[in-house]
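Here the numbering used here is used: the first residue of the sequence shown is 32, the next is one more, and so on.
Ideal Cβ placement from N, Cα and C applies to all residues, glycine included.
Computed from a predicted structure; not experimentally measured.
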Amino acid sequence: MSVRLNELHNAITEALRDVVESPRREAELLLMAYLGKDQLYFITHGDELIDENEPRLLEWIAKRSENVPLEYLSNCVSFYSREFYIDEGALIPRPETEHLIDEVLARVSKESSQTIVEVGVGSGIISILLALHLPNARFIAVDISPRALSVARRNIEMFELAHRIELREGDLLSCVDDPIDILVSNPPYIADDVVLESNLSYEPQNALFGGSVGDEIIQRLLDEVYERQIPLFVCEMGYDQRLKVQEYLKNFAVQSLEFYTDYASLDRGFILRV
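Okay, structure coming up:
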């Protein structure tokens, strides 16, 4: 049975009313992704007839009403003004991680031929964007999850960067013996006992939880940076972890430690030079 687009919009809004904060907007985003159309088309084609019983549409509505993220339904995520493939094997990139990329680019010359290593590559978006902006740099991207590496590989191939970004499976830097000029990471940093929103239950938990306190993986990375004397480390962290990072580094001989904030002006990461 076919219904008008605006009527279907209303029906999906009702289905999502008790699930998400902005059901009407979420229904609109779902329909735009399903139809492959932009917002202007959506606004100007309210009378277009849509088959409301199409199996894929019904599946999307059912799963979204269970709070499955739209990005996983559409297998598409927008980040840093580009589109990437995404599925349940990797964490959905958050807008605040754009700051991590900005902080690296602010400190690395475009002509640089340095070796950049990313720990916890996930979907691959950080290494890909850095590679696009730093054409002479070499990249090694590591993840402990084979499923995440599969997502990253798909994105790397889509951007034709397989010759510049080498993927490796391993725990932190256990599989990297190469000299490292720059280390970049958006590691898990949420404490194990934190109760998350229901939609986060669909995302890979090992990419979210960082241990009983939350900053254990960050501390392990800091140890690696100091032991290997990696010159530059740029890392995302939890909004409440600044003092913990400062305290942990108190007995380390470092050149400098800076912190940066996110769009909400919350502490979101640090830049360490040793």
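query: Where Ile157 falls: helix, strand or coil (DSSP); result: helix
query: Simplified DSSP state of Val50, which is helix, strand or coil; result: coil
query: Backbone CA spacing between Glu267 and Gln236 [nearest angstrom]; result: 17 Å
query: Same chain, Cβ closer than 6 Å to Asp202, five either side skipped, listed in chain order; result: Ile175
query: Under the three-state DSSP convention, the category Ile211 falls into; result: coil
query: Segment limits, beta strand (DSSP E) that includes Leu82; result: This sequence places Asp at residue 82; Leu is not what is there. That run of the beta strand (DSSP E) goes Leu80 to Asp82.
query: Cα-Cα separation, Ile147 to Leu47; result: 43 Å
query: Leu198 vs Arg184 beta-carbon contact at 8 Å; result: yes
query: Inter-residue Cα distance where the pair is Arg56 and Asn186; result: 28 Å
query: Residue burial classification, Thr75 (beta-carbon count within 10 angstroms, cutoff 16); result: exposed
query: Exposed unless 16 or more other CB atoms sit within 10 angstroms - verdict on Asp246; result: buried
query: Proximity winner among Phe73, Glu38 and Tyr116, relative to Leu180 (alpha-carbon distances); result: Tyr116
query: Whether Pro124 touches Ser158 by CB criterion (8 Å); result: no
query: Contacting residues, own chain, Cβ-Cβ under 8 Å from Glu114 (five flanking each side not counted); result: Cys107 and Val108
query: Contact set for Arg204: own chain, Cβ-Cβ below 6 Å, skip 5 residues either direction; result: Looking at the sequence itself, residue 204 is Leu, so the reference to Arg does not match. So the list reads Glu255, once near-sequence residues are dropped.
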